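Colleague: Here the sequence shown is numbered in my numbering, starting from -12 and rising by one per residue.
Structure incoming, see below.
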Amino acid sequence: VLPYNDVAALEACFAERGSEIAAVITEGAPANMGIVPPAPGFNAAIRRVTAEHGALMILDEVLTGFRVGPAGWWGLEAVDGWTSDLPAFAAEPSTAGATSSEPADAAAPSWPGADWRERATWVPDLVTFGKVVGGGMPLAAVGGRAEVMDLLAPGGPVYQAGTLSGNPLATAAGLATLQLADDAVYASVAEHAQAISKVVSAALSEQGVPHRVQRAGSLFSLMFGPQAAERGVADYEAARAQETWRYGPFFHAFLEAGVSLPPSVFEAWFVSAAHGEAELEAIAAAAPAAARAAARAQEH
């Protein structure tokens, strides 16, 4: 396992053991240590190094595929610019007493993944999908370059099958979901995610809790602590350095108000088309008490 966003570590590993490495698996944007974007050029470096050593690049879009956009995170990087009115990736820093005359999304964050407009010059060999592609049912999918996919049975020698493969109910749910996921839906859920994150962030700022919101479309996460607020979270070590002990009281205060949050500070908040004005109002009503709980929390 290599550190994320560290091209030097990647190159050193391949220089030492490149002939033994069959593939590199990386997420479009990691979402289980909070939402963490690839630094500009990081995915392109993975593509370059794997190609030089005859290894595959496998992009895990289980969480980001069909959620941050119709082409997943790779689509955001592979297309020159983002046509939505909202940024595809927003870093929204907030520290106690900090003020800004600009909207958070308009700021120029200093953390490594800030340049979401980067045009990619890379194409992965394989891409995996799940979550949205199944419409809430157990379903996963894989796609990739023809010369790789042609190796799968029955056309090739690599056997692949499973009990739930091609399940009719799951595929029907997934198809219906993808048919409904048009540009208007993507814009709407991204807007709602932005609104929810700003309400929560404002409540935390009011209580002087240092934090940052990192958001990718309809996914966002809260990062607690001065280091996260100042520099953001760009790798696992930075994620671990958060003031994670603030999240438990914060979570339970929301739960007592009838709002169920992700069970861990490292989990993303998933905003869907089912979240509307009523849900935003409920979150806004619960946020002040939750922010006070986070402010009173003690490290243990």
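Each residue gets a CB set at the ideal place from its N, CA and C atoms; glycine is no exception.
If you're wondering where the values come from, they're calculated on a predicted model, not measured in any experiment.
So is Ser188 buried or exposed if we call it buried at 16+ other beta carbons inside 10 Å?
Modeller: buried
Colleague: In the DSSP assignment, what are the bridge partners of Val114?
Modeller: Under DSSP, Val114 shares a beta bridge with Leu46, Gly130.
Colleague: Alpha carbon to alpha carbon, how far is Thr13 from Leu113? Give it in angstroms, no decimals.
Modeller: The alpha-carbon separation between Leu113 and Thr13 amounts to approximately 11 Å.
Colleague: Is the region 268 to 279 touching the region 174 to 191 in the sense that three or more CB pairs, one from each, lie closer than 8 Å?
Modeller: Under the three-pair Cβ rule at 8 Å, the region 174 to 191 counts as touching the region 268 to 279.
Colleague: Can you tell me whether Arg150 is buried or exposed, with buried defined as 16 or more other CB within 10 angstroms of its CB?
Modeller: Residue 150 is actually Thr in this sequence, not Arg. It is exposed - the Cβ of Thr150 has fewer than 16 other Cβ atoms within 10 Å.
Colleague: Which same chain residues end up closer than 8 Å to Phe116 when comparing Cβ atoms and leaving out the 5 residues on each side of it in sequence?
Modeller: Glu48, Val49, Gly52, Phe53, Gly59, Ala127, Ala128, Val129, Gly130
Colleague: What residue ranges within the region -10 to 30 form continuous alpha helix (DSSP H) runs of no fewer than 4 residues, ordered along the chain?
Modeller: If we require 4 residues or more, the alpha helix (DSSP H) runs fully inside the region -10 to 30 come out as -6 to 4.
Colleague: If I follow the unbroken beta strand (DSSP E) through Ala203, where does it start and stop?
Modeller: 198 to 203
Colleague: Considering only the alpha carbon of each residue, which of Phe1, Pro155, Val119 lies closest to Val258?
Modeller: Among Phe1, Pro155, Val119, the Cα nearest to that of Val258 is on Val119.
Colleague: Which of helix, strand or coil does DSSP assign to Ser71?
Modeller: Because Ser71 carries a pLDDT of 29, less than 50, the predicted location of this residue cannot be relied on, and the following value inherits that uncertainty. Collapsing the DSSP output to three states places Ser71 in coil.
Colleague: Phe253 to Ala18, Cα distance in whole Å?
Modeller: The C-alpha of Ala18 is placed about 8 Å away from the C-alpha of Phe253.
Colleague: Using a threshold of 9 Å, state whether the C-beta atoms of Gly161 and Met124 are closer than that.
Modeller: yes
Colleague: Taking C-alpha atoms, which residue in Pro249, Phe241, Gly212 lies nearest to Gln285?
Modeller: From the listed residues Pro249, Phe241, Gly212, the smallest Cα separation to Gln285 is found for Gly212.
Colleague: Under 9 Å between the Cβ atoms of Ser290 and Ile45?
Modeller: Residue 290 lies beyond the stretch modelled for the chain, which goes from -12 to 287, so this question has no answer here.
Colleague: Assuming Ala280 and Ala240 form a contact by the criterion Cβ under 8 Å, report the distance between their Cβ atoms to the nearest whole angstrom.
Modeller: With a Cβ gap of about 4 Å, Ala280 and Ala240 count as contacting.
Colleague: Among the candidates Phe238, Asp169, Arg34, whose CA atom is the shortest distance from the CA of Val110?
Modeller: Arg34
Colleague: Where do the ends of the beta strand (DSSP E) carrying Ser208 lie?
Modeller: 206 to 211
Colleague: Out of curiosity, what's the CA-to-CA distance linking Gln166 and Glu178?
Modeller: 20 Å
Colleague: When you compare only the Cα positions, how much space is there between Ser251 and Gly142?
Modeller: 43 Å
Colleague: Buried or exposed, going by whether 16 or more other CB atoms sit within 10 Å of the CB of Gln147?
Modeller: The residue in question, Gln147, is exposed, as its Cβ has fewer than 16 Cβ neighbours within 10 Å.
Colleague: Assuming the contact rule is C-beta atoms closer than 8 Å, Glu193 and Ala278 should be a hit. Round their C-beta distance to whole Å, please.
Modeller: 6 Å
Colleague: How would you label Gly153, buried or exposed, when you count the other beta carbons within 10 angstroms and need 16 or more for buried?
Modeller: exposed
Colleague: Helix or strand or just coil, what does DSSP make of Val145?
Modeller: strand
Colleague: Return the chain-ordered ranges of every alpha helix (DSSP H) run that is complete within the region 208 to 273 and spans a minimum of 4 residues.
Modeller: Within the region 208 to 273, the complete alpha helix (DSSP H) runs of at least 4 residues are 213 to 218, 223 to 227, 234 to 243.
Colleague: So if DSSP puts Leu139 in a beta bridge, which residue, or which two residues, is it bridged to?
Modeller: Val145
Colleague: Restricting to Cα atoms, I'd like to know which of Phe237, Val176, Ala168 is closest to Val196.
Modeller: The candidate whose alpha carbon is nearest that of Val196 is Phe237.
Colleague: Would Ala42 pass as a contact of Ile8 if the rule is Cβ separation under 9 Å?
Modeller: yes
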